[in-house]
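Numbering (this note's numbering), first residue to last: -19 to 289. The beta carbon of each residue, even a glycine, is placed where N, CA and C say it ideally should be.
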Ligand code: CP
Ligand code: NVA
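Structure, rendered in structure tokens:
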């Protein structure tokens, strides 16, 4: 049997209809296994006989554990590898790695610094490739965010999402989601830390940028932020100082809609991008968001393997 060749490098690889399909499937699967021990496979075990290799060039807690458990719950086999202990870490080309893995496993999830590496892996391998975070984007995270927002009773079209802080990989995928699914995204970023102009130009249907954090949160349905220093970036006092006015505080949250949700992909830095009062407060849904990495990714895996849609 030929393994279907669907990659999940960015949300646009799937498009709005397939994203909606995956989110609905995630809701159904999550409900169907409620109450089961976490290590018990889903009744249909749809990935029985399939193995996913996960390669990490950067640290991870959520992505690593959620993909591992996703494969187990779907009846498949996870294989976790640190790039540093692979020949990849000694300079073996990503294209050669892709060809070898394509002969031995059924799919690959790659977390890497350089988005070009997931693209090369997809172009040179012959199995589905999933982006587990690159410098450019973090589509799996945003699938979990979308699932969380829906679960908390909000229909996506027409919502206002406010992003505060660094114009990074997570923001890029939110911008892309807004453009595909019809919600607006307003980001407040300090000068010099805006999202990538080329990426924005491709997905700017519902996106606006401001310098003013109060404008961004005004009447927002969703308030979201992320670390000010992403993995691979040098710790820079100048950047932290520039970001300080964009810290998500209770005062800023009060300008959003009264039922606004606070999201954060984690890991978080209380007292930097968000106060403890907000992230540990009643509007924060971060633990649902983290759990939903597992549920959303099960449906991403099924879509990539051609078993959904
Ligand atoms: N949010 C997220 O991707 O977390 P990890 O870095 O722990 O995988
Ligand atoms: N922007 C962060 C996200 C971590 C999940 C990073 O790239 O480090």
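- As summarised for the segment 100 to 166, the continuous beta strand (DSSP E) elements at least 3 residues long and confined to that stretch are 109 to 111, 140 to 144, given in chain order.
- Not one heavy atom of ligand 1 sits closer than 7 Å to the Cβ of residue 119.
- Burial is judged here by how many other beta carbons sit within 10 angstroms of a residue's own beta carbon; residue 205 has at least 16 and is buried.
- A check of alpha carbon separations from residue 130 across 25, -14, 268, 285 identifies 268 as the nearest.
- For residue 202, the pairing in a beta bridge is given by DSSP as 141, 241.
- Between the C-alpha atoms of residue 65 and residue 33 there is a straight-line separation of about 14 Å.
- When secondary structure is reduced to three states using DSSP, residue 93 falls in the coil class, being assigned neither helix nor strand.
- For residue 128, the Cβ stays outside the 7 Å cut-off from all heavy atoms of ligand 1.
- Here residue -9 carries a helix assignment [DSSP, helix/strand/coil].
- In the structure shown, residue 82 falls within a helical segment according to DSSP collapsed to helix, strand and coil.
- The Cβ-Cβ distance between residue 169 and residue 147 falls below 8 Å.
- Look at residue 231 here: in three-state DSSP terms it is helix.
- Ranked by Cα distance from residue -8, the first of 123, 285, 18 is 123.
- Between residue 196 and residue 166, the CB-CB gap stays under 8 Å.
- Residue 80 and residue 149 have their alpha carbons spaced roughly 29 Å apart.
- With contacts defined by Cβ atoms closer than 8 Å, residue 200 and residue 278 do not form a contacting pair.
- The beta carbon of residue 208 sits closer than 7 Å to those of 145, 146, 219, 220, 223, 252, 253, all from its chain and outside the five residues before and after it, given in chain order.
- Residue 190 has its alpha-carbon roughly 16 Å from the corresponding atom of residue 181.
- Non-local C-beta neighbours of residue 175 in its own chain, meaning closer than 8 Å and more than five positions away in sequence, comprise 147, 148, 151, 152, 155, 167, 169, 189, ordered along the chain.
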